[in-house]
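> What follows is a structure written as structure tokens; I'll ask about it next.
Residue numbers (our numbering): 45 to 391.
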């Protein structure tokens, strides 16, 4: 794709999301989603091959169905309230339809089936946009309608997402699918806290985007897409390998790393609201995620790939890939825990 065309398409994707986030009229929200959807398709098909075409088609069909449901919810609300304003007092039926539509857009269970398939079929850079930027618009709408969302519906989807995100990733060897299941699980955590503290959801989203961005950038830097190719990085880039180790632990939510902050604060907030079973289930299923991150860590940093020559280190050529953003991103993805008291004031 030529740079000017790519820039125009990316600007359309960004402006679509911005329209959704800032609009106070339901029709403008819907138009923002449509702009975003139509502009992201060429980005998903940047590397033109049958798998990318299939992935883009699956993505388009799912998102178009979700947009249709969203418009149906908007019309139900319009018939009851006779106004187009994005307000906090939605009709209960409209709220259920809209929540379902936004869950489809996010990839929350049971509407998660497209996420691993689409992520696996596209390039790493497109997968990065899909699993980070594309989550912002639907979550911003869920944030705005959070007081009227049906709690049973959202909490059921949240617990299913965390479970499926844990179980689905266990058997995977493809890094993009592992990141997709990780995304489903993180979305589940965000959906769980949405009802009780929407601000906490934004904190979780920010940390999730930072960690996912760093992970994808490290994988792109090493040009790895499978766990077996990741196991060869120790003799190419030992330092990067150790960063991947720490980052996986952070994604799993281990203290004293950044990924522990959202899990700690969400569990704390849920227990404050006299919920015991929900945080217990979330914490137990988070162990499944931790297991497959540990597997990645093991293959990357704790095993030596069998080499057929006497030299353990590979001949190193000058790297052509830029790593300007990597150092600050790695620091943010691993060392934010001391800021927790400040972050808890924001709530």
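Even glycine gets a Cβ: it sits at the ideal position worked out from N, Cα and C.
Could you name the residues that DSSP lists as bridge partners for residue 69?
Bridge partners of residue 69: 129.
> I'd like the ranges of any alpha helix (DSSP H) spanning at least 4 consecutive residues and lying wholly in the region 316-348.
The qualifying runs are 321-345.
> Below 8 Å, how does it come out for the region 126-144 and the region 173-192: are there three or more Cβ pairs, yes or no?
A contact exists between the region 126-144 and the region 173-192.
> Per DSSP, what kind of secondary structure is residue 216 in: helix, strand or coil?
Note: residue 216 maps to coil in three-state DSSP.
> Out of 165, 70, 369 and 101, point me to the one whose CA is closest to residue 259's CA.
The candidate whose alpha carbon is nearest that of residue 259 is 369.
> Do you know offhand how far residue 398's Cα is from residue 378's?
Here the chain has residues from 45 to 391 only, and residue 398 is not among them.
> With residue 198 and residue 235 assumed to form a contact (beta carbons below 8 Å), what rounded beta-carbon distance in angstroms separates them?
Their Cβ separation, rounded to whole angstroms, is 5 Å, which keeps residue 198 and residue 235 in contact under 8 Å.
> Which one of 241, 180 and 207 has the shortest CA to CA distance from residue 195?
Closest option to residue 195, Cα to Cα, is 241.
> Looking only at its chain, what residues have a beta carbon closer than 8 Å to the beta carbon of residue 136, apart from the 5 residues adjacent to it on each side?
For residue 136, where only same-chain residues beyond five positions count, the Cβ hits under 8 Å are 192 and 194.
> Residue 293 to residue 84, Cα distance in whole Å?
In a straight line, the C-alpha of residue 293 is about 31 Å away from that of residue 84.
> Would you mind sorting residue 385 into buried or exposed? The rule is 16 or more other CB atoms within 10 Å of its CB.
Classification of residue 385: exposed, given that the 10 Å Cβ count is below 16.
> Quick check on residue 392: buried or exposed, where buried means 16 or more other Cβ atoms within 10 Å of its Cβ?
Residue 392 is absent from the structure shown; the chain starts at 45 and stops at 391.
> Give the secondary structure of residue 367 by DSSP, where H, G and I count as helix, E and B as strand, and everything else as coil.
In the structure shown, residue 367 sits in coil (DSSP, three-state: anything other than H, G, I, E or B).
> CA-CA distance, residue 269 and residue 277?
Going by the C-alpha atoms only, they are around 12 Å apart.
> Could you tell me if residue 69 is buried or exposed, where buried requires 16 or more neighbouring beta carbons within 10 angstroms of its beta carbon?
Per the 10 Å Cβ criterion, exposed.
> Does the Cβ-Cβ distance between residue 247 and residue 344 come in under 8 Å?
Not in contact: residue 247 and residue 344 (Cβ atoms no closer than 8 Å).
> Can you give me the C-alpha to C-alpha distance between residue 250 and residue 202, rounded to a whole angstrom?
If I take the Cα positions, the gap works out to 18 Å.
> Classify residue 270 as helix, strand or coil using the three-state DSSP reduction.
In this structure, residue 270 counts as strand in the three-state DSSP scheme.
> In three-state DSSP terms, what is residue 276?
Of the three classes helix, strand and coil, the one that applies to residue 276 here is coil, per DSSP.
> Can you say whether residue 51 is buried or exposed, counting buried as having 16 or more other CB atoms within 10 angstroms of its CB?
The residue in question, residue 51, is exposed, as its Cβ has fewer than 16 Cβ neighbours within 10 Å.
> Within 10 angstroms of its Cβ, does residue 313 collect 16 or more other Cβ (buried), or is it exposed?
Classification of residue 313: buried, given that the 10 Å Cβ count is 16 or more.
> Which first and last residues belong to the alpha helix (DSSP H) in which residue 185 is found?
That run of the alpha helix (DSSP H) goes 177-189.
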